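Report on one structure; see the data block that follows.
Protein chains: 2
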Amino acid sequence: MNGLMQSHPLLISNLLVHAERHHGEQQIVSRRVEGDLHRTTYKELASRARKVAKALAALGVKPGQTVGTLAWNGYRHMELYYGVSGSGAVLHTLNPRLHPDQVVYIADHAEDQVLCFDATFLPLVEAVAARLKTVKHFVLMTDRAHMPASTKVPNLLCYEELLEAQDDKYDWPQFDENAASSLCYTSGTTGNPKGVLYSHRSTVLHAFAGALPDTLNVSARDVVLPVVPMFHVNAWGLVYVACMVGTKLVFPGAALDGKSLYELFEGEGVTMSAGVPTVWQGLLAYTEANNLKFSTMNRTVVGGSACPPAMMQAFQQKYGVNVLHAWGMTEMSPLGTVCTLKPKHLKMGPQEQMAVQAKQGRAVFGVDMKIVDAEGKELPMDGKASGELLVKGPWIVSQYFKGEGGNPLVDGWFPTGDVSTIDPDGYMQITDRSKDVIKSGGEWIGSIDIENIAMAHPAVAMAACIAAFHPKWDERPLLVVVKKPGAEVTRDELLKFFEGKIAKWWTPDDVVFADAIPLGATGKMQKNKLRETYKDHKLPTA
Amino acid sequence: MNGLMQSHPLLISNLLVHAERHHGEQQIVSRRVEGDLHRTTYKELASRARKVAKALAALGVKPGQTVGTLAWNGYRHMELYYGVSGSGAVLHTLNPRLHPDQVVYIADHAEDQVLCFDATFLPLVEAVAARLKTVKHFVLMTDRAHMPASTKVPNLLCYEELLEAQDDKYDWPQFDENAASSLCYTSGTTGNPKGVLYSHRSTVLHAFAGALPDTLNVSARDVVLPVVPMFHVNAWGLVYVACMVGTKLVFPGAALDGKSLYELFEGEGVTMSAGVPTVWQGLLAYTEANNLKFSTMNRTVVGGSACPPAMMQAFQQKYGVNVLHAWGMTEMSPLGTVCTLKPKHLKMGPQEQMAVQAKQGRAVFGVDMKIVDAEGKELPMDGKASGELLVKGPWIVSQYFKGEGGNPLVDGWFPTGDVSTIDPDGYMQITDRSKDVIKSGGEWIGSIDIENIAMAHPAVAMAACIAAFHPKWDERPLLVVVKKPGAEVTRDELLKFFEGKIAKWWTPDDVVFADAIPLGATGKMQKNKLRETYKDHKLPTA
Numbered sequence: 379m380n381g382l383m384q385s386h387p388l389l390i391s392n393l394l395v396h397a398e399r400h401h402g403e404q405q406i407v408s409r410r411v412e413g414d415l416h417r418t419t420y421k422e423l424a425s426r427a428r429k430v431a432k433a434l435a436a437l438g439v440k441p442g443q444t445v446g447t448l449a450w451n452g453y454r455h456m457e458l459y460y461g462v463s464g465s466g467a468v469l470h471t472l473n474p475r476l477h478p479d480q481v482v483y484i485a486d487h488a489e490d491q492v493l494c495f496d497a498t499f500l501p502l503v504e505a506v507a508a509r510l511k512t513v514k515h516f517v518l519m520t521d522r523a524h525m526p527a528s529t530k531v532p533n534l535l536c537y538e539e540l541l542e543a544q545d546d547k548y549d550w551p552q553f554d555e556n557a558a559s560s561l562c563y564t565s566g567t568t569g570n571p572k573g574v575l576y577s578h579r580s581t582v583l584h585a586f587a588g589a590l591p592d593t594l595n596v597s598a599r600d601v602v603l604p605v606v607p608m609f610h611v612n613a614w615g616l617v618y619v620a621c622m623v624g625t626k627l628v629f630p631g632a633a634l635d636g637k638s639l640y641e642l643f644e645g646e647g648v649t650m651s652a653g654v655p656t657v658w659q660g661l662l663a664y665t666e667a668n669n670l671k672f673s674t675m676n677r678t679v680v681g682g683s684a685c686p687p688a689m690m691q692a693f694q695q696k697y698g699v700n701v702l703h704a705w706g707m708t709e710m711s712p713l714g715t716v717c718t719l720k721p722k723h724l725k726m727g728p729q730e731q732m733a734v735q736a737k738q739g740r741a742v743f744g745v746d747m748k749i750v751d752a753e754g755k756e757l758p759m760d761g762k763a764s765g766e767l768l769v770k771g772p773w774i775v776s777q778y779f780k781g782e783g784g785n786p787l788v789d790g791w792f793p794t795g796d797v798s799t800i801d802p803d804g805y806m807q808i809t810d811r812s813k814d815v816i817k818s819g820g821e822w823i824g825s826i827d828i829e830n831i832a833m834a835h836p837a838v839a840m841a842a843c844i845a846a847f848h849p850k851w852d853e854r855p856l857l858v859v860v861k862k863p864g865a866e867v868t869r870d871e872l873l874k875f876f877e878g879k880i881a882k883w884w885t886p887d888d889v890v891f892a893d894a895i896p897l898g899a900t901g902k903m904q905k906n907k908l909r910e911t912y913k914d915h916k917l918p919t920a
Numbered sequence: 379m380n381g382l383m384q385s386h387p388l389l390i391s392n393l394l395v396h397a398e399r400h401h402g403e404q405q406i407v408s409r410r411v412e413g414d415l416h417r418t419t420y421k422e423l424a425s426r427a428r429k430v431a432k433a434l435a436a437l438g439v440k441p442g443q444t445v446g447t448l449a450w451n452g453y454r455h456m457e458l459y460y461g462v463s464g465s466g467a468v469l470h471t472l473n474p475r476l477h478p479d480q481v482v483y484i485a486d487h488a489e490d491q492v493l494c495f496d497a498t499f500l501p502l503v504e505a506v507a508a509r510l511k512t513v514k515h516f517v518l519m520t521d522r523a524h525m526p527a528s529t530k531v532p533n534l535l536c537y538e539e540l541l542e543a544q545d546d547k548y549d550w551p552q553f554d555e556n557a558a559s560s561l562c563y564t565s566g567t568t569g570n571p572k573g574v575l576y577s578h579r580s581t582v583l584h585a586f587a588g589a590l591p592d593t594l595n596v597s598a599r600d601v602v603l604p605v606v607p608m609f610h611v612n613a614w615g616l617v618y619v620a621c622m623v624g625t626k627l628v629f630p631g632a633a634l635d636g637k638s639l640y641e642l643f644e645g646e647g648v649t650m651s652a653g654v655p656t657v658w659q660g661l662l663a664y665t666e667a668n669n670l671k672f673s674t675m676n677r678t679v680v681g682g683s684a685c686p687p688a689m690m691q692a693f694q695q696k697y698g699v700n701v702l703h704a705w706g707m708t709e710m711s712p713l714g715t716v717c718t719l720k721p722k723h724l725k726m727g728p729q730e731q732m733a734v735q736a737k738q739g740r741a742v743f744g745v746d747m748k749i750v751d752a753e754g755k756e757l758p759m760d761g762k763a764s765g766e767l768l769v770k771g772p773w774i775v776s777q778y779f780k781g782e783g784g785n786p787l788v789d790g791w792f793p794t795g796d797v798s799t800i801d802p803d804g805y806m807q808i809t810d811r812s813k814d815v816i817k818s819g820g821e822w823i824g825s826i827d828i829e830n831i832a833m834a835h836p837a838v839a840m841a842a843c844i845a846a847f848h849p850k851w852d853e854r855p856l857l858v859v860v861k862k863p864g865a866e867v868t869r870d871e872l873l874k875f876f877e878g879k880i881a882k883w884w885t886p887d888d889v890v891f892a893d894a895i896p897l898g899a900t901g902k903m904q905k906n907k908l909r910e911t912y913k914d915h916k917l918p919t920a
């Protein structure tokens, strides 16, 4: 017997319709590539998103076909988010930080029919346009005045002109909520990038879970600035959450330096932000150098990689900005856990509380997780046992686009490639990527703990711990360190710094100093490259 | 093209599994009918809900069949919520305040196979048991020690014994999320009550929307005491929201007097509550008489009927407890709107802010609403135009159980029977029930405004404004007033009290004093009875 409730599919266009009807005057502020600060409202955004849908249809885009974007966080990109997916086409956000060869591979693999891009990326598009097999139209996301006088891109179209040619009379189509809505490729540190194809259902459910008080806690009284790019797992869902709750949005565009961000935080009264640790490093360096405070920001979500405890401390103790550690993956839409405290933690001292906050957090409702040993047997949630982390839920991948890589699931669970513990309160802590874990004499050493300790040393700007060959133990930890400009520290001083902070056998066998640590397109350290660089490094303990 | 996300149905059992795995130690405190305060955890609750599922199967209950409850808010009732729906059966919460004839009608209409009830309701069950056509088993929700020595109920079973006979090894079945989960009958002031049949999908989506920061804003750091009964539209969804976010729950059982509630609020550190205005009246009378404050409660949700502004003021200004006005219906699961403020309201003075808070609030995401004129044409959201309120969304009724009353929808929208305005910020304000509106010379007079003004008079305990016959205007407002014990006020003093507070032609033509105003089973004033009582009342203006 079925219930007798109304049947409405969960569609991305519903989010926009809700924002337009119930939060029509709420503001969306964007720093544009053109240089100025642009202001619009949800009402205007909804009207323009309908024009986008009509303009794409006029270009011949059919439901289920793919539209690519190479764009910063801004209102035009948001119009495409809703206009493309809302019309039944699939939004494919490309990461412009990828190597041009990868951009070509991904756009071809996704069969993008149209490519919309910010002026910043005109040189990139000029470099790859001739090699793209499926793109029929190139659209520069600007007005006529900012179009280039000449370009190597064939038949370059102007975004604002395409919109001007349409009126906004358009009814969002109703279709199966399982229809594909958007496509995002994994960064692919090994092998070709793989596509994750989200659905309308997964996106709306993820937005519900993302807005919850213990997740990102977004309300109509917030002012949200997503630093996390809209080309990186849909800005962690914030662009959808925003419409669901009618929050004011502030988009930083291309200006992600500390000064530009700070000015936007203060000028627009931002209360909440989200991004990867590297962005916050730039912002904190700027506020520290200029002795500035945040007057409205009260929390920030840090994910993408583990937040160094020193950064967390600076935010919380010096600036009064609460740091929420979050964890997820492209394959998870991305939200999996957020480290919101429980009542008992609120009674703890700052040190103890920080130890909880250093964990990646609790599963948001909808995501289930477990850790398993090498045989796939579930390990206890005791905060001690560490094993490979598996997840399942309605916004987690079942297979990659076009079946690449075969069936990724194990008994219905998705193996994350992370190694973690889960404590009895449900807090998960990543100890390593399974491929980065250091296997010393049959025991596992997690590299993240070691890096966090090194990062707490005042002379260290960045640290990576990797496995180095050892004739007796197979692998032993080697610490690669980038010093802060002008700072000095020796190998022995650093090794001494570990004393009492970690088990003796986890202490690195050696330290090497480097000018830089290679970062991938999403800001993560590329340890595979480091392992390659130091594959012949001879440990003094060997 | 479909997305490639995992396929998981939205099931009520998922909520319990999440709470057990990630909030296993969180507490559930219940004041029992047996008299004591009982403590359990989500882990224990989940284990016992699995036993409930097995016990019901052992009694012969099949998926899709209905299990009735007559019970207060408590952990055993919560076990039934999850055990019945989770196993695929349908939970039918009966309102014990209904007339026994209606209880019989509803239980028969729902075809309840089993009836579970608290000891309080043994006399009621004894009175109706012989007349119930479909109930095969009667279960008293207590342990062996509290079972009656003799009873007129045939083969009375003991709840705790049924559970003891089972172990907790049970996998929640997976099935279509559109399956029926629970059944609640409207109060049926006219005609027979009609059943609203919720689904697993509607219930889980409603829980997501209910937990959002701008709705009930429930987190793992809250302590929630639902005063609103679990026999009244699933305690407004709080029992589901609680599992979703892992909040501590406090159940008041049968003790809804001011003293008992206050002791529970203070003793358990309650931060949030929800209920109808009449309950709060009792609580506030107690705190005022004893000069008490709330030390942990920071907000309460008031719905069911409009919150008198005087009560709102008392809560907020005297006790520092924020009042969230909410509106919904049995047909809406029930949440439709909640009056959470927008940033611009926070800058207003208390008077202006109160005017916003007096409205029923903004639509929660998932619910769309519009007001229409007599011809069904949509009226503007300008805060002035008032018309019949229509709603749609995935947790709103499409038809009543067994098709009673035919198709209730108009072009896919459900007519609420309320008359309201919607302002440009999306705030809806109910001006009347469409059947209670007073039609004076072709114009509509809303009775709620008039009642709110009367309620602000210090001598008035309760006020109802109804239409009385007028030879020239057809209808004119008549105010029926119940005075506070010991207070005095005359007809003319009351009429004078309206001066300057309302349009002159909205002022009642007469006042009559009554000992009581009849209330329905859900605490709402029964104006149809009042209209009957005063149908021959001769207005002095006639």
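Here the protein sequences come in this chain order: B and X. Position one of the first sequence corresponds to residue 379 (this note's numbering), numbered consecutively onward. Position one of the second sequence corresponds to residue 379 (this note's numbering), numbered consecutively onward. Quick reminder that beta carbons are idealized off the backbone N, C-alpha and C, glycines included. Remember, predicted model here, so these are calculated numbers, not experimental data.
Cβ-based neighbour list, residue i, same chain, cut-off 6 Å, excluding 5 preceding and 5 following
| i | result |
| --- | --- |
| Lys432/B | Gln544, Tyr548 |
| Gly446/B | His470, Leu472, Ala485, Asp490, Leu493 |
| Ala497/X | Val411, Thr520 |
| Trp450/X | Asp496, Gly631, Ala632 |
| Phe891/X | Val859 |
Rounded separation between residue i and residue j - CA only
| i | j | result |
| --- | --- | --- |
| Asp554/B | Arg579/B | 9 Å |
| Met833/X | Met689/X | 9 Å |
| Met710/B | Ile808/B | 16 Å |
| Phe586/X | Thr868/B | 53 Å |
| Trp851/X | Ala733/X | 30 Å |
| Asn612/B | Ser560/B | 9 Å |
| Ala558/B | His455/B | 19 Å |
| Phe779/X | Cys717/B | 43 Å |
Bridge-paired residues (DSSP) for residue i
| i | result |
| --- | --- |
| Ser577/B | Ala558/B |
| Tyr563/B | Gly573/B |
| Glu853/B | Phe847/B |
| Ser798/X | Gly765/X, Ile808/X |
Candidates the options: closest to residue i by CA position
| i | options | result |
| --- | --- | --- |
| Asp893/X | Val623/X, Val860/X, Lys637/X | Val860/X |
| Ala632/B | Leu388/B, Glu504/B, Tyr453/B | Tyr453/B |
| Asn380/B | Lys905/X, Leu541/X, Gly781/X, Arg522/X | Gly781/X |
| Ala846/X | Glu910/X, Pro441/X, Leu702/X | Glu910/X |
Contact set for residue i: own chain, Cβ-Cβ below 7 Å, skip 5 residues either direction
| i | result |
| --- | --- |
| Val657/B | Val605, Leu634 |
| Asp810/X | Val797, Gly824, Ser825, Ile826 |
| Leu757/X | Ile749, Val750, Asp751, Ala763, Gly765 |
| His835/X | Val867, Leu872, Phe875 |
Inter-residue CB distance, residue i and residue j (contact presumed, cutoff 8 Å)
| i | j | result |
| --- | --- | --- |
| Ile390/X | Thr581/X | 6 Å |
| Leu394/B | Cys621/B | 6 Å |
| Ala663/X | Val623/X | That pair is no contact at about 32 Å. |
| Leu382/X | Leu575/B | 4 Å |
| Ala842/X | Leu908/X | 6 Å |
Own chain partners of residue i with C-beta closer than 8 Å, once the 5 adjacent residues on each side are dropped
| i | result |
| --- | --- |
| Asp746/B | Val769, Lys770, Gly771 |
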